[in-house]
Structure formats: structure tokens, C-alpha cells
Amino acid sequence: MKILLYSSVFWPSLGGIETITATLAENIAQLGHECIVVTETPSNREEPRRSYQVVRQPTFQERLSLTRECSLVHSNGASVAMYPFARLANKPFIWTHNGYQVSCVDGLGWFDGEPTPMTPTASLSYYLRKKGFIYFLKESLKLAIRRYVAENVDLNIAATHWVAKRQPLRNQIVAYTPYPISQFKQVKQVYPRKYDFIYVGRLVSEKGLPELIQAFYALVSISDYQNINLAIVGDGNMRKSLEKMVTDLQLSDKVHFLGSKHGTELMEVISQAAIGVVPSAWEEPMGGVSLELLAAGKIVITSEFGGHAECIGDAGLKFKNRDYQSLFECMNNLINNQNLGKKLLNNSSKIIEKFDDIKLTTKYIEIYEKILNRKYVK
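Numbered per full-length UniProt numbering, the sequence shown spans residues 1 to 378.
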């Protein structure tokens with residue numbers, strides 16, 4: 001097979017969709033098939049060596065030619081830019097939903113630091129009030145196009161059961177998207193721990209960082225926990241306000257902003273931590289960071305609504321989204337109860353096995369083959 005894998009964003013841009021696309025493409029090639037990644041992300045950097053081809057910002061004619069040469073088109077993410085070309089070339093089109101773009105305008109259920117409606121009519125009404133009539137018209141058209149495509153693709157794939165429940169679509173199955181968690185299995189455990197807790201991700205409003213800092217402050221306020229530390233790995237538009245919050249709470253010697261880390265640097269920092277916290281305020285569709293932390297041998301705490309809780313199952317603790325007191329209780333329980341931590345770590349092995357990236361890619365290849373052979377996919 002020759003798979004055209006479309007991702008509007010890709011390396012050198014960094015994020016969950018980019019990581020999933022690269023992992024899927026690499027594994028498709030490793031399993032003996034050809035893969036071409038088509039993306040809108042430009043790059044003037046030297047391309048790393050890959051076992052698959054990357055085509056950036058192709059012209060109309062190039063897109064049509066690439067589509068004609070492939071067996072099928074698989075769009076990973078929010079964009080349906082390759083759908084017309086698949087139809088022109090009479091090729092199957094599969095769409096993986098890593099968000100809620102068919103249900104709401106923003107695709108997140110989150111805007112400007114607050115939750116937003118996650119059904120089409122309510123979402124459009126919300127943005128009509130927030131952004132005005134012209135924006136409403138433009139986004140109404142975009143949402144209508146996305147909904148039309150979702151109704152007419154050969155197969156919709158929800159990245160988690162949570163996404164499928166929140167965004168029920170015709171002709172949809174659930175297939176977990178592969179993350180390179182095998183890389184994180186190589187993390188060596190460092191003792192004594194430099195950090196009791198670690199956060200890894202973007203510093204943006206939907207990620208729940210203020211609640212994490214508030215919960216950590218409540219923990220530090222207990223006299224027995226004066227020497228605990230929190231590492232915050234990542235960057236984003238909230239960094240300055242979060243640093244101010246930490247300063248105002250007199251936590252500067254305990255909360256460490258380490259900036260963005262990748263590759264061996266990221267592995268080294270994670271190795272120095274005991275407990276990973278994924279405090280997403282929004283209903284995060286997938287659970288990549290939680291799985292990576294589990295694979296790295298970390299105990300994980302995550303918010304209960306969204307893909308993270310689904311993915312880690314009984315291998316982690318869950319708290320109510322946007323409820324710092326609930327998060328504090330989880331953190332306090334783990335600090336106080338070493339047996340609980342050991343139990344969660346013991347449960348993690350079956351989760352890591354379930355989300356093995358080669359196994360998940362093999363499932364995608366089986367889906368491709370069934371679509372090409374016109375067999376029912378379930």
C-alpha cells in the first residue's frame with residue numbers, strides 16, 4: 001500500500017498531532033508500506049533522515065498527482081484540505097478526529113480561558129455573541145463544510161472513546177492514535193528525586209496550570225511538605241502570568257520553570273521526577289502525555305473528563321477538571337501513601353502494552369486494507 005497521510009501541521013512545529021503523524025508514518029514504513037506525509041507547515045531547516053517522504057505546501061496539481069499515486073488518503077487532525085483531491089482521484093478518504101472540529105467552532109470546547117459549548121448550534125450562538133456577525137458567518141461556513149465531509153468520508157475514526165461520545169458521527173469507529181511511548185520506556189530512574197511533581201506541556205489556559213500551582217501551594221502549606229518541588233516543562237503565552245503567580249505565593253524556590261525540552265533533555269528531566277501531573281482544564285481528546293509519563297515509570301495524576309483519564313485507566317489518579325482542591329487531595333494521597341503509588345505503577349504495565357505504538361499502527365494498517373477491500377470496518 002501507499003498511504004498519503006495528511007497533517008496540516010508537522011515538524012518543525014511541535015505538538016500532539018505532529019507527534020502522532022510522525023509516529024504513524026514511521027511505523028507504516030517500518031511495517032513494509034509506503035507513506036507520504038503532506039503538510040502545510042513550511043521549513044527552511046534541514047530535514048532529518050526519515051523512512052517516509054514529506055511534501056510541504058504542494059500546489060493544486062501536485063496534490064492531485066500525489067493523490068492519484070496513492071492507495072488512499074488519511075487525514076489526521078482538523079483539516080479536510082485533501083478531501084476534494086481524494087474525490088477527484090476516486091480514492092478512499094479516512095478522517096481521524098483528534099478533537100471536536102465537527103461539533104464546535106473552536107474544535108476544543110474552550111476559548112479565552114473558559115469552556116465553550118460543544119454542539120454546533122450552541123457553539124455558533126456563543127461565537128456570534130463573542131465575535132460578531134462576520135466571524136459567525138465565516139465559521140458557520142467552515143463548520144458546515146466539516147460536517148458535510150464527516151457525513152461523506154469512507155470512514156471516521158475517533159482517537160478515543162471520549163471523542164466518539166462527545167462527537168457521535170455516522171460511519172465512525174474508535175482507533176487509538178500511536179504515540180512513541182517506546183522511547184519513554186528508556187528513561188532511567190534517578191534517585192533521590194530532584195522533583196516530586198512534574199508537568200510537561202504547553203503553558204496555555206486550557207492546560208490547567210493555575211489549578212496545579214494552587215494545589216501545590218496548598219500542599220506546601222502543610223508543615224511536613226516544606227521541601228517538595230514542582231518542575232514545569234514547556235512554554236506558552238501564560239508563562240509570565242504563571243511565574244508572577246508563583247512569586248506572589250512565595251513558591252519561587254519550589255516551582256521550577258524549565259522551558260521547552262525535547263529528546264534526551266526531556267528524558268533527563270523526567271527521570272528526576274516522581275509523579276507526573278496532567279491537569280487539563282478542558283476535555284482533552286487524547287492522552288499522549290499521560291501515556292508517555294506512564295511509560296517513563298512515573299505515577300500519573302490527570303483530570304477525569306477527557307482522553308487522559310480514559311487512556312491511563314486504573315494506572316493513575318483522577319481529579320475533577322478545574323478543581324484545585326480535588327487535585328490537592330490526589331497529590332496529598334500519593335505523598336502520604338507509598339503503597340498506593342506502587343499499586344498504580346504495577347497497573348501501568350498492561351496500559352503501556354495496550355498502547356504499544358507498533359500494535360496501534362498495525363490496527364490502522366488493517367483498517368486501510370479493509371477499506372481498500374471494501375470490507376465493513378468495526
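Just so you know, even glycine gets a beta-carbon here, dropped at the ideal spot from N, CA and C.
Computed from a predicted structure; not experimentally measured.
Check                                                                                                                                   : Outcome
Helix, strand or coil at P192 [DSSP, three-state]                                                                                       : coil
Nearest to S75 (by Cα), restricted to the options T23, R202, S205 and S8                                                                : S8
Ordered list of beta strand (DSSP E) runs contained in the stretch 281-330, each at least 3 residues                                    : 299-303 and 316-319
At least 3 beta-carbon pairs within less than 8 angstroms: the stretch 257-268 vs the stretch 306-316                                   : no
Boundaries of the alpha helix (DSSP H) in which G16 is found, first to last residue                                                     : G16 to Q30
Expected contact under 8 angstroms - CB spacing of V55 and L66 to nearest Å                                                             : 6 angstroms
Alpha-carbon spacing of G32 relative to T362, whole angstroms                                                                           : 11 angstroms
Segments assigned alpha helix (DSSP H), at least 4 residues, entirely inside the stretch 78-125                                         : 83-88
G208 beta carbon less than 9 angstroms from that of A281                                                                                : yes
Cα-Cα separation between I335 and K261, rounded to whole angstroms                                                                      : 26 angstroms
Alpha-carbon spacing of T116 relative to A144, whole angstroms                                                                          : 18 angstroms
Span of the alpha helix (DSSP H) around K244                                                                                            : R239 to D248
Where V149 sits in the DSSP three-state scheme                                                                                          : helix
Endpoints, the beta strand (DSSP E) within which T264 is located                                                                        : Looking at the DSSP string, T264 is not in any beta strand (DSSP E); the run it does join, the alpha helix (DSSP H), is G263 to S271.
Per-residue burial, F197 [other beta carbons within 10 Å of its own, 16 or more giving buried]                                          : buried
Classification of L88 by the beta-carbon crowding that lies within 10 angstroms, buried from 16 upward                                  : exposed
Y368 versus V174 - alpha carbon distance                                                                                                : 14 angstroms
Neighbour-count burial assignment, E69, 16 or more Cβ in a 10 Å radius                                                                  : exposed
Whole-angstrom distance between R63 and M82, CA atom to CA atom                                                                         : 8 angstroms
Beta bridge counterpart(s) of E34 as assigned by DSSP                                                                                   : K2
Where S252 falls, given that 16 or more other Cβ within 10 Å makes a residue buried                                                     : exposed
Beta-carbon proximity check, R166 vs M118, cutoff 9 angstroms                                                                           : yes
Check whether Q57 and E46 have beta carbons under 9 angstroms apart                                                                     : no
Residues that L155 bridges to, as DSSP identifies them                                                                                  : I94
Euclidean distance between Cα positions of K190 and F10                                                                                 : This sequence places Val at residue 190; Lys is not what is there. Straight-line Cα distance between these residues: approximately 33 angstroms.
Coil, strand or helix - G132 by DSSP                                                                                                    : coil
Contacts around N332, its chain only, beta-carbon distance under 8 angstroms, and the 5 residues preceding and following it disregarded : L219 and I222
Cβ-based burial, N337 [other Cβ within 10 Å; buried from 16]                                                                            : exposed
Separation of C35 from I3, as counted between CA atoms                                                                                  : 5 angstroms
Residues bridged to L169 [DSSP beta-bridge criterion]                                                                                   : Answer is none; L169 lacks a bridge partner.
Assigned secondary structure, Y199 (DSSP; H/G/I helix, E/B strand, else coil)                                                           : strand
Cβ shell of Y176 (< 6 angstroms), same chain only, five flanking positions each side left out                                           : L360
Residues near I17 in its chain [Cβ-Cβ closer than 7 angstroms; skip 5 each side]                                                        : S7, V9, N76, G77 and N98
Delimiting residues of the alpha helix (DSSP H) encompassing N347                                                                       : Q338 to K354
Spatial neighbours of R146 in its chain, beta-carbon cut-off 7 angstroms, leaving aside the 5 residues before and after                 : V80, Q101 and V102
Under the three-state DSSP convention, the category V175 falls into                                                                     : At residue 175 the sequence reads Ala, which differs from the Val that was named. Here A175 sits in coil by DSSP.
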